[in-house]
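The block underneath contains the structure these notes are about, expressed in structure tokens.
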Amino acid sequence: MSEQEKPGRPAHEVSDVSTETVVKFGLGLLTSMVAVFLLIWGLFHYFATREERRELPRSPMAAADQLPPEPRLQRSPGHESPPEREMKEMRAAQEAVLHSYGWVDRNAGIVRIPVEQAMQKLLEERLPVRTPQQPDDRKQ
């Protein structure tokens, strides 16, 4: 039986690696990680409570009744209605235009008719078709 196969002998070089040192290093690293975590958590808690207690004077530029310049984006001050309702209102207005009669240009005599009737009228009257043109011999 060789020396490596004898029972009770470690399977590594004892002179190079000490198990006790590796375990101590691991425990020290774990302790340091916990200490740093607690320190950071304490700092965040301290800064959060400090910020809650602190009252800053309002900036003269932050007037409550001052609206942003046009165009105002949704969810900004001066834009009280939610975007979903605005979208429904806009679509309802567009649908009303598509399905109603009205003047586009009264002076030119152009009217608006519902889409379904416009499509039916196109089917009945047929669109004008261009006749194929013969090539001009002079342009060769």
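Just so you know, this note's numbering puts 24 at position 30 of the sequence shown, and the rest follows in order with no gaps. By construction, the Cβ of each residue, glycine as well, lies at the ideal position given by its N, Cα and C atoms.
N- and C-terminal bounds of the beta strand (DSSP E) containing residue i
| i | result |
| --- | --- |
| V105 | 104 to 106 |
| V98 | 96 to 99 |
C-beta atoms of residue i and residue j nearer than 9 Å
| i | j | result |
| --- | --- | --- |
| L121 | V109 | no |
| Q68 | E80 | yes |
| P107 | W97 | The question names Pro, but residue 107 in the sequence shown is Ile. Their beta carbons are not under 9 Å apart, which means I107 does not touch W97 by this criterion. |
Distance, residue j Cα to residue i Cα
| i | j | result |
| --- | --- | --- |
| W35 | A29 | 10 Å |
| P129 | E119 | 30 Å |
| P51 | D99 | 57 Å |
| L116 | V123 | 13 Å |
| M(-5) | G20 | Caution is warranted here: a pLDDT of 49 is assigned to M(-5), below 50, making its placement in the model unreliable, and no coordinate value can be reported. |
| S9 | T43 | 54 Å |
| Q88 | H39 | 53 Å |
| L33 | E45 | 18 Å |
| Q60 | E78 | 25 Å |
| F41 | M27 | 21 Å |
| S12 | L37 | 38 Å |
| T25 | K18 | 10 Å |
Where the alpha helix (DSSP H) containing residue i begins and where it ends
| i | result |
| --- | --- |
| A42 | 13 to 47 |
| P77 | 77 to 92 |
| A5 | Segment: none, A5 is in no alpha helix (DSSP H) and carries neither H nor E. |
| Q111 | 109 to 119 |
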